[in-house]
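What follows is a single structure, written as structure tokens, with notes after it.
Residue numbers (my numbering): 186 to 333.
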């Protein structure tokens, strides 16, 4: 498992108790080390890691500095920053002023980098995503040849 506190991270907001039946409670972790395991690995849990950035370029570098690229989001009212984010963020699902959770049924859903395997799901990509090509060859004369 992750040893967040050993790597310099700390729980920066107690959000426990929101879902008492959850296996792992929702947690916000502040971790300034971009090489920490909690930053570099997908948790697949209700965890968000917050990292400080000195400026926009460092923020984008932190966003892109992980092996995965499933989803990324930015919260800003600046149209220029929104366009920069869309041009620079390396993920299959980009959101502006919205959570990374959820996807629209007709839009492609698939990651980049280590999060991407094959075509995206949803929309016109579903047939390709949920099927596997297979070539089948038959010789209609096979039994005729054997009986001759």
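By construction, the Cβ of each residue, glycine as well, lies at the ideal position given by its N, Cα and C atoms. All of these numbers come straight from a predicted model, not from anything done at the bench.
Simplified DSSP state of residue i, which is helix, strand or coil
i: residue 272; result: helix
i: residue 321; result: coil
i: residue 229; result: coil
i: residue 191; result: Any answer about residue 191 is weak, because its pLDDT of 49 lies below 50 and its placement is not dependable; what the coordinates show is given next. Of the three classes helix, strand and coil, the one that applies to residue 191 here is coil, per DSSP.
i: residue 329; result: helix
i: residue 219; result: coil
i: residue 286; result: coil
i: residue 242; result: helix
i: residue 247; result: helix
Any C-beta of chain D under 8 Å from that of residue i
i: residue 250; result: Absent from the structure: chain D. Only one protein chain is present.
Identity of the residues DSSP links to residue i by a beta bridge
i: residue 234; result: 214
i: residue 281; result: 259
Beta-carbon gap between residue i and residue j smaller than 8 Å
i: residue 231; j: residue 212; result: yes
i: residue 245; j: residue 274; result: yes
i: residue 363; j: residue 248; result: In the structure as shown, the chain begins at 186 and stops at 333. Residue 363 is therefore absent and cannot be evaluated.
Close-in-space but distant-in-sequence residues of the same chain around residue i (CB under 6 Å, 5 per side omitted)
i: residue 260; result: 282
i: residue 258; result: 280 and 285
i: residue 300; result: 253, 254 and 255
i: residue 268; result: none
Cutoff 8 Å; reference residue i; Cβ partners in own chain excluding five residues on either side
i: residue 321; result: none
Beta-carbon proximity list for residue i, same chain, < 7 Å, skipping 5 on both sides
i: residue 219; result: 236, 247 and 250
i: residue 271; result: 279
Distance cut-off 7 Å: residue i Cβ against heavy atoms of the ligand MN
i: residue 247; result: The ligand MN is not part of this structure, which contains no ligands at all.
Worksheet item: Given 8 Å as the limit, is there contact between the stretch 244 to 255 and the stretch 221 to 228, that is, 3 or more CB pairs closer than that?
Response: Yes: the two stretches touch, three or more of their Cβ pairs being nearer than 8 Å.
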